[in-house]
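Everything below concerns the one structure shown next.
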């Protein structure tokens, strides 16, 4: 298929590579000329704007860093809406506010085109290996149409529900994972203070009500779980900065829905603090490092 | 064996029953005469004080509601330390501050006796069925000595480490479980606000990084997981009050260790608030009910 | 002056009344026809759209409930930007996200007009008595131009800085006031638990480092400070819902600025919870009611 | 009067000096021999234990770093209770858990002596200048008896109520001050992100509902208020570590009272984190430094 691809940064570039490898024709655009040049070097055609990338495409893919980038890429002068032909399909794979997905979907629809939100998980590694999980919101038939393209990019494609639902699923999953990483870190810091063996504690909790994916697969304490980033000096994985972003999107969504949330903002802010203090580009399980105790002579 | 059993309340009573059923001789004491009368009705001998219950016992078991109850039961006039013979073994099965376990252990040791902390999980149901999990801190040989008695009470006996480690393991596990219950509730309230199907979301998260024991076994949203208390109007299970207590113990332990904790106190306080507002005796997953959205006309 | 007034709800209506009383000619618009009818009944001319209200005005005033209302009122089809003449001045008196103020200001500027943000404090009472405090962001000469109109509405006009600064000042002030109300409530609940006389405690704190405007003027505990809403069953004053909104705007602004904030989101969420549980339309000092202790038999 | 003084550390030493200067005879004890030697060098008689310091005293003063130090100093073998004569008065000036004050008071009373809790504010500087504020809990006649001694140490003596009330007043005041310091820091970090002049913002808030003692006297942003520690590189004043301790005592008291508290633990933990990250011995207003934004390229 002819793919218009907008956003060829760290995540977008390997996706373009995989699309090309599967025989799709890609016309790429990125506001940053260096990022665009890399996509062109891989074999993509160069577009001068999002509109131009969208113009002749069977399917438009956007992969951008934030809600406001997505709004601009679709709605601004020179944006996708100016270029996309009626009846075509747009797939936004960015992780953004689900309410923005819905607003953009409405604008796309008014233009006579269709829209899916399809955020991914799996990080740059998953993008390179085409093993991303893709959570999709929108019409099931639109997803069927997109499937050949999405299959070139990811391995596990899940239809969650109406437009916005892909984003909601990703944010809700990451809310729990992000909070769990902080909770597991707190628990093991306390155990450490009492001199309890973290290996034995891990075994105990694994069979009990505190068991979580995070502990079993991304244990914040080094040396306990082979897959964990903590064993590689917290090389991501999924960065503290990206987890803080996703928790922030979830908290903001809750605000707009008038839903009270308590542990999500607490976890968001401790990750934001960890980022301010130098851990932003390490794996989010590095929050364990941040939660170190005060020195022994601090009053209690 | 001859068991001195102190604390025959809601948890202690079925434990006494199971000890008697396995042929152990129980001498019971409780400061509340009604609770003591129930143990006597089951077949226990009545003691007039903790000291008297301890005096002729091969093993002393205490099962009390709080750190200060345990301190008083051991250390006060008429307490275990006055009665227990040198060389005997005391097993505290209460859920309390691990630092208190260590202080009491030291006092027991100065008296020439030995001490294990051995808090349980599984609730009143587990106590009745003798299926409690028992997390034990102290000397491994002492645990071997206690094992015949503990086997009459619980099904899964785990040696965690030195004295206090049983308490630490229980509090750390419950810290994670309590926080997870709040996080899962927040995530599903957000999803609900967007109209996403909770069944599909549960399936998505179950295969992803947000997976937790709480979601899989005690889902706060009714109708999704058969074992969940939410399907039975949040009948416990493990009450909001007890989870608030355990989170409070964990947070206080962190304070005394100078360990910073962020999501644990946030979860503690939302459970405490839920308790203030009528949910204290429901299962802790009922925090989902408490996190209901404001009415639609609240400004955003 | 000829004033185009958009947003004639609970706050806007008395402002229109005061403008008319001072001899200004008002052309009004509100999306809700009932609200518009009330303004017309006061003597305003009726406009069919925001654009029409703006068309012949010397100055346009907007007074709307949220960021998205303001964006729509200015930018959508039929909005202020369609009607306002080049060179004219727009004054947004809504309490909204300062980043939105700046985006709207830029759009107004591109259209050749000028923009001030000028949120108010003092509530419906202040609007009725024309005693509002008005915090203004934008060009000082533009404020001079607006002053005759603003003087008809409020008593204390403060120029804070560039566009958006009025909003920032209001949100920052309310962040502190909202957090302080929760902190004062927590402190007095603790004192109450110990049986300490709240009058004496108030006197002690008033002379010490814990002194705050909230305690001195809006004491959450009834019977201590004559001006306090707590003496009138927490009749607002400034509602819990509006304080939750302002704290939410502040927290969201912090998120977009990458500023870590910890007590602001904690206060935001407890107010949001208080709103969910029936206190949304009472004064924000009613959070004291919400923070009631659990019953005496809850385990500790 | 003959004063038995126990705890001659950083705070106790200048208090001993001032007592001697006013003609009181001091017999001193400290578990740390270096601290005791300093008191002796000032002119105090040396005691070999707390009991010995108490034995011949008209009044016993204790000034110790934590609840457990106070419990040990009174109740342990060699403690005050062993030495103090019936009818004498004990004054504990430590900042500790009010529940511990009450337990100790009860033990003192059973011994036939009397007890006041009398924590101070004003720090080492106030101790040196004898300008401490002293908040007293206990019997008013006992306070009258203690007044000649307390007047040698502090300038402002306030009778709050029954035993424990002095501690409650101090903790409640510091709860509000500590939370306010974090709130003011958050507000000014947000304003900074928007480029708003902090001087103007300070003026605006000083006249509005966000006004607090902390902003007016201990402004976290340097250069705005002459008295502020922020102008002296956050030299204390009152350290982050001590404020974290007091917030922790308040939060723990709330736990034991079953009072829900939300902003106090959030503030406690951010101060604890600031301590872990090197700010423990700076003034508590240095939390402003800790709340610095993430770098500009962190995703939002």
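Chains as they are written, first to last, in the working numbering: chain A, 1 to 300; chain B, 301 to 600; chain C, 601 to 900; chain D, 901 to 1200. Glycine included, each C-beta is placed from N, C-alpha and C at the ideal position.
Using a Cβ-Cβ cut-off of 8 Å, state whether residue 875 of chain C counts as contacting chain B. yes
Contact set between the segment 532–547 of chain B and chain C, restricted to residues whose Cβ is under 8 Å from the partner: 541, 542, 544, 545
Give the straight-line distance between the Cα atoms of residue 500 of chain B and residue 160 of chain A, rounded to the nearest whole angstrom. 6 Å
Write down every uninterrupted run of the beta strand (DSSP E) in the segment 993–1075 of chain D whose length is 3 residues or greater and which is fully enclosed by it, in chain order. 1014–1017, 1032–1037, 1054–1061
Against residue 461 of chain B, what residues of chain A qualify as contacts under a CB-to-CB distance less than 9 Å, listed in chain order? 194, 195, 196, 197, 200, 201
Please decide whether residue 827 of chain C counts as near chain D, where near means a Cβ-Cβ distance under 8 Å. no
For residue 309 of chain B, which three-state DSSP category applies? coil
Under 8 Å by Cβ, that's how I've got residue 843 of chain C and residue 884 of chain C pegged, so tell me the actual separation to the nearest angstrom. 4 Å
Please classify residue 1145 of chain D as buried or exposed, where buried requires at least 16 other C-beta atoms within 10 Å of its C-beta. buried
Using only the alpha-carbon positions, how far apart do residue 772 of chain C and residue 1058 of chain D sit? 34 Å
Please report how far the alpha carbon of residue 456 of chain B lies from the alpha carbon of residue 437 of chain B, in whole angstroms. 14 Å
Quick check on the burial criterion: 16 or more other C-beta atoms within 10 angstroms. Buried or exposed for residue 508 of chain B? buried
Taking the alpha helix (DSSP H) that residue 74 of chain A belongs to, which residues open and close that run? 67–75
Establish whether the CB of residue 666 of chain C and some CB of chain B are separated by less than 8 Å. yes
C-beta contact flag for residue 837 of chain C and residue 831 of chain C at 8 Å: no
Does the CB of residue 447 of chain B have a neighbour CB from chain D at under 8 Å? no
Show which residues of chain A have a CB atom less than 8 Å away from the CB atom of residue 593 of chain B. 257, 258, 259, 260
Work out the CA separation of residue 97 of chain A and residue 1179 of chain D for me, nearest whole Å. 36 Å
Does residue 872 of chain C have its Cβ less than 8 Å from a Cβ in chain B? yes
What does residue 204 of chain A touch in chain B if you count any residue whose Cβ is under 8 Å from its own? 435, 458, 460, 469, 473
Tell me, which residues are paired with residue 902 of chain D by DSSP? D/925
Against chain A, with Cβ distances strictly below 8 Å, would residue 1122 of chain D count as a contact? no
Can you tell me whether residue 869 of chain C is buried or exposed, with buried defined as 16 or more other CB within 10 angstroms of its CB? buried
Under 8 Å between C-beta atoms of residue 1093 of chain D and residue 1171 of chain D: no
Check whether the Cβ atoms of residue 153 of chain A and residue 18 of chain A lie closer than 8 Å to each other. yes
Considering only residues of the segment 798–871 of chain C, which uninterrupted alpha helix (DSSP H) runs meet the minimum length of 4 residues and lie entirely inside it, listed in chain order? 798–806, 813–817, 840–857
What residues are listed by DSSP as bridge partners for residue 189 of chain A? According to DSSP, residue 189 of chain A bridges with nothing at all.
What does residue 552 of chain B reach in chain D if we use C-beta pairs closer than 8 Å? 1152, 1155
From residue 1068 of chain D to residue 1103 of chain D, what does the alpha carbon distance come to, in whole angstroms? 32 Å
Quick one: grab the DSSP three-state call for residue 991 of chain D. strand
Pull up the CB-CB distance for residue 1140 of chain D and residue 1089 of chain D, whole angstroms please, since I reckon it's below 8 Å. So it is not a contact: roughly 17 Å between Cβ atoms.
Nearest candidate by alpha-carbon position, reference residue 440 of chain B, set B/465, B/431, B/422: B/465
Where does the unbroken alpha helix (DSSP H) through residue 287 of chain A begin, and where does it stop? 287–290
Quick one: measure Cβ to Cβ for residue 1158 of chain D and residue 783 of chain C, integer angstroms, because I've assumed they're closer than 8 Å. About 19 Å; that fails the 8 Å criterion.
Would you call the segment 1110–1130 of chain D and the segment 931–944 of chain D in contact, with 3 or more CB pairs under 8 Å? no
In chain order, what residues of the same chain lie with their CB nearer than 8 Å to the CB of residue 375 of chain B, ignoring the 5 residues before and after it? 381, 404, 407
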